[in-house]
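Just so you know, the sequence shown maps onto residues 1 to 217 in UniProt numbering. Even for Gly, the Cβ is constructed at its ideal location relative to N, Cα and C. Everything on this sheet refers to the single structure shown next.
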Amino acid sequence: MSGHGHQLTEDEAAAMFEPPSWDERYSGSETIWSGKPNAQLVAEVATLTPGTALDVGCGEGGDVIWLAGQGWTATGADFSANGLARAARHAEQAGVGDRTHWWQVDARTFAADGRSYDLVTSHFLHAPDGQMVEVTRRLAEAVAPGGHLLVVGHAPSEVFAQLTASQRRAMFVAEELLPGLPDDFEVLVVEQRPRTMTRDGVTVDVHDSTLLARRTS
């Protein structure tokens with residue numbers, strides 16, 4: 001969510017929620033993310049039977065590649081064409097290109113349009129101005145009967161005090177997403193999970209807001 005090297009202005013932070021900013025960020029040769037799967041994805045999905053998966057806000061594809069390596073047929077969705085190009089390249093390099101697919105779409109306007117997946121997941125996708133409830137509703141529509149929805153994000157914390165007000169407002173606790181779940185979902189996990197992360201060479205304690213739900217019909 002944040003840039004590196006200087007504190008963002010509100011205008012720069014607002015741009016971070018739009019595709020052109022991320023296309024620019026992904027336009028260079030430097031790898032932005034670690035390439036490792038997110039911790040809560042591994043924790044919750046490792047015991048599930050592989051099927052079809054959709055990761056919305058996939059960035060450079062680390063989670064999609066991990067899912068494909070676990071036997072899932074995985075689709076990565078993101079609003080950045082450059083991010084998706086990187087992700088596809090990384091998947092080929094990892095030897096899972098035949099198990100991965102890519103879809104350019106904005107999570108805020110995403111529509112399942114008849115597509116359904118055994119797992120729909122999103123990690124650290126932070127829509128502005130309280131829009132994550134609507135994003136959760138849209139993601140839930142893509143979950144097949146018996147399938148799972150996993151949404152993970154940054155919980156508000158003093159650790160992120162250097163971010164702009166709009167960036168901090170985009171963070172959420174898991175309970176705030178519950179209104180986005182349709183009636184036919186059973187909530188399995190709704191909590192803020194502690195985790196350590198390293199930012200700019202400093203290790204800090206953070207909490208991952210984690211919502212896991214299963215579609216019952």
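Quick one: using the 10 Å Cβ neighbour count with 16 as the cut-off for buried, is residue i buried or exposed?
i           : result
residue 181 : buried
residue 89  : exposed
residue 42  : exposed
residue 92  : exposed
residue 114 : exposed
residue 197 : exposed
residue 177 : buried
residue 46  : exposed
residue 6   : Here residue 6 scores only 48 on pLDDT, less than 50, and its place in the model should not be relied on; the value that follows carries that caveat. With fewer than 16 other Cβ atoms within 10 Å, it is exposed.
In whole angstroms, what is the alpha-carbon distance linking residue i and residue j?
i           : j           : result
residue 55  : residue 161 : 28 Å
residue 156 : residue 174 : 11 Å
residue 66  : residue 119 : 14 Å
residue 183 : residue 145 : 13 Å
residue 211 : residue 179 : 12 Å
residue 190 : residue 103 : 28 Å
residue 139 : residue 186 : 15 Å
residue 137 : residue 164 : 26 Å
residue 126 : residue 132 : 7 Å
residue 168 : residue 206 : 14 Å
residue 4   : residue 49  : Confidence at residue 4 is low in this model, with a pLDDT of 39, below 50, so the placement of that residue is unreliable and no value is reported for it.
residue 101 : residue 130 : 29 Å
residue 203 : residue 217 : 42 Å
residue 159 : residue 193 : 15 Å
residue 188 : residue 58  : 23 Å
residue 53  : residue 96  : 14 Å
residue 1   : residue 51  : Low per-residue confidence applies at residue 1: pLDDT is 40, beneath 50, and the placement is therefore not dependable enough to give any value.
residue 36  : residue 195 : 15 Å
residue 106 : residue 208 : 22 Å
residue 166 : residue 172 : 12 Å
residue 79  : residue 110 : 10 Å
residue 112 : residue 40  : 24 Å
Taking the Cβ atom as the reference point for each residue, do residue i and residue j lie within a distance shorter than 8 Å?
i           : j           : result
residue 148 : residue 99  : no
residue 71  : residue 84  : no
residue 81  : residue 74  : no
residue 108 : residue 152 : no
residue 60  : residue 150 : no
I believe residue i touches residue j by the beta-carbon criterion, under 8 Å. Please report the beta-carbon distance rounded to the nearest angstrom.
i           : j           : result
residue 38  : residue 123 : 4 Å
residue 117 : residue 87  : Not a contact, Cβ separation roughly 17 Å.
residue 200 : residue 121 : Not quite, the Cβ-Cβ distance comes to about 27 Å (not below 8 Å), so this is no contact.
residue 94  : residue 128 : The Cβ separation is near 32 Å, so there is no contact.
Taking only beta-carbon positions, decide if residue i is within less than 8 Å of chain C.
i          : result
residue 65 : No chain C appears in the structure shown, which is made up of a single protein chain.
Every unbroken alpha helix (DSSP H) within the segment 26 to 101, with a cutoff of 4 residues, ordered by chain
39 to 45, 62 to 69 and 81 to 93
Beta strand (DSSP E) segments (min. 3 residues) lying fully within the segment 171 to 213
185 to 199
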